[in-house]
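I have placed the structure first, in the form of C-alpha cells, so that the comments after it can refer back to it.
Written as C-alpha cells, this is what we have:
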C-alpha cells in the first residue's frame, strides 16, 4: 500500500465500506431468521392458549346456531353428519380470527384430516399434514410445545393438542401452526436491489472520503513544505487558517519553532560577533606589547609583560566561558552529581577569594546552617565564583554571603553595597555578551542562569530596598534527601 497519507486513509475507509454491507446483510439474515421463528412460536403459543381455554369452557348451546360456515360444514361431513359441538365451532372461529398468522389442523382418531378438507387444502398444508401424520404414526411428534417442523414447502412452528375423541368431537388431535418466513428466499429476491443501493452508496462514499482526505492532506503537505523551508533558513511564519484544530495547533507549533530557530540563529551570530570582538581586543594588545618587547622599544618591559599576562588571563576566562556556555546549551555538559555541604563550600570559596579582593571585604556569618544539596561541584564553583566576582566588581567595600534553609530549598544570597543594577540593565543582565557599565566579557551571569537550571536550581537578582543600595543575588537549590546524603557520602 502507498505510504502517502491520502491513500493510507482512503483505501482502508473504502475497505470498511465494502465489508460493512456484507456484515449488515449477514447480521440481518441471522437476526431476521431468529426474529421470524420467535414471532411464529409466540403466535402459535397464543393460539394454543386460546384453544385450551375454549376447550375448558365446554360447549355453549347458544353458539351452535351462530357458527355455520363452510369450514364447519366440511367438518360436519367428515363427522358422518353428526351435529358439531360448540367447542369445535369456537376452535374454528379462533383459527379464522388470527388473520392468517396462525391456523390449525384437526386430525381424527384414524389420523385423517378433518379440517381443512384434504381436497381443498393448499399443497403446503397437505405437506404439513402428511409430516404430522407420519410423526404421529411413528410416535415421534415433538413432545414440547412450539416445535419447529421443516418440510419441502417451508418451516412451521407447531404445537400438538390431544383431546379425547367422542361422538360429538371425533377429532383426537389439534395441531396449531404458524409459518416461518424463509429469510434466505427473502434476501435472494431482494439482493439485486440491495446490491444496487450498496454500489451507489459506495460510489458516493468513495467520492466524499476522497474529498475529505484531500482536505486533510493538503494542509499537511503545506506544513511539510514549510518545514523543509525552515531547514533551508526561511523562517517566514505560515499564514492562513486551517479547518481542524489539530492542524491549527501544528501550524502554531511550526511557527513557534521557526521563531525560536530564527532567534537562536541571530543569537549565535551575535555570539560569534561579540566573541570575535572580545578576543580581538586582547590579541591586539598582546601582539603589540610582544612586538615592542621583541624590538626593544618599550622602556618598561615589566609593565608590558603585566599587560600581556592580564590580557591572556582575560582571553582564557573568555574561552572557558564560551566553552562552558556552549556545553550547557547543547546539553553535552556531563554532570557528576555529588552531595555538597553548602556551609563548608561557602567558607572554602571565601578563603579562595581572599587573595583577589583588591581592598574589598568578602564575609559570611560564622554560624551558617548545615545544609546538603546534590550538585555538580565544578559547575557549582563556577556559578558561585561568577556571582561573587560580579559583586566584587561593583561593591563599594563589602560583599556579604549568607545561607538559609526554607522547607525543602536551600538559598545562598550574595549581596554587595554598590550602586545596584540600573533599570535599563536589569532586563538584560542574563543575556549573553550584554555588558553593563564596568562589565567584563558579558558571559558570567549567562553561565550562572544556565548552570542553575542545569542543576535544577534557579537564580534571582534584585536591588536592595531604599534607603539601602546594592544588588542581591539569590541562588536556590533543592535540598538533598537523607538517603542521598548518606549514600553519596559513603
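Residue numbers (UniProt numbering): 1 to 490.
Ideal Cβ placement from N, Cα and C applies to all residues, glycine included.
Going along the chain, which residues of its own chain have a beta-carbon closer than 7 Å to the beta-carbon of residue i, five neighbours each way excluded?
i           : result
residue 111 : 133, 136 and 137
residue 21  : 198
residue 250 : 223
residue 33  : 183
Taking the beta strand (DSSP E) that residue i belongs to, which residues open and close that run?
i           : result
residue 415 : 409–416
residue 463 : 458–463
residue 343 : Taken as a continuous stretch (DSSP letters only), residue 343 belongs to no beta strand (DSSP E), being part of the alpha helix (DSSP H) at 342–353.
residue 374 : 372–376
residue 113 : 113–115
Spell out the partners DSSP gives residue i in its beta bridges.
i           : result
residue 22  : Its beta-bridge partners do not exist; DSSP assigns none.
residue 398 : 361
residue 263 : DSSP output for residue 263 lists no bridge partner at all.
residue 149 : 156
residue 478 : 409
residue 161 : 174
residue 473 : 414 and 461
Does DSSP put residue i in a helix, in a strand, or in coil?
i           : result
residue 280 : helix
residue 405 : strand
residue 213 : helix
residue 337 : strand
residue 177 : strand
residue 10  : helix
residue 269 : helix
residue 240 : coil
residue 499 : A query on residue 499 cannot be resolved here, the shown segment of the chain reaching from 1 to 490 and no further.
residue 301 : helix
residue 422 : coil
residue 309 : helix
residue 141 : coil
residue 231 : helix
residue 296 : coil
residue 219 : helix
residue 466 : coil
residue 366 : coil
residue 182 : coil
residue 198 : helix
residue 253 : helix
residue 32  : helix
residue 120 : coil
On the CB-based measure, 16 or more other CB atoms within 10 Å of its CB, does residue i come out buried or exposed?
i           : result
residue 392 : buried
residue 449 : buried
residue 375 : buried
residue 105 : buried
residue 367 : exposed
residue 175 : buried
residue 200 : exposed
residue 418 : buried
residue 38  : exposed
residue 107 : buried
residue 122 : exposed
residue 114 : buried
residue 481 : exposed
residue 120 : exposed
residue 390 : buried
residue 141 : buried
residue 234 : exposed
At which residues does the alpha helix (DSSP H) containing residue i begin and terminate?
i           : result
residue 103 : Premise fails: residue 103 lies in the beta strand (DSSP E), 103–108, not in any alpha helix (DSSP H).
residue 447 : 444–454
residue 127 : 123–138
Between which residues of its own chain and residue i is the CB-CB distance below 6 Å, once the five residues before and five after are set aside?
i           : result
residue 25  : none
residue 181 : 36
residue 402 : 413
residue 404 : 411
residue 205 : 17
residue 372 : 339, 341, 480 and 485
residue 476 : 409, 411, 457 and 458
residue 314 : 282
Keeping to the same chain, check which residues put their C-beta closer than 8 Å to that of residue i; ignore five residues upstream and five downstream.
i           : result
residue 386 : 444, 445, 447 and 448
residue 354 : 362
residue 248 : 241 and 242
residue 91  : 51, 54, 55, 104, 106 and 174
Quick one: is residue i near chain D, going by C-beta distance under 8 Å?
i           : result
residue 369 : Absence of chain D from the displayed structure is noted, only one protein chain being present.
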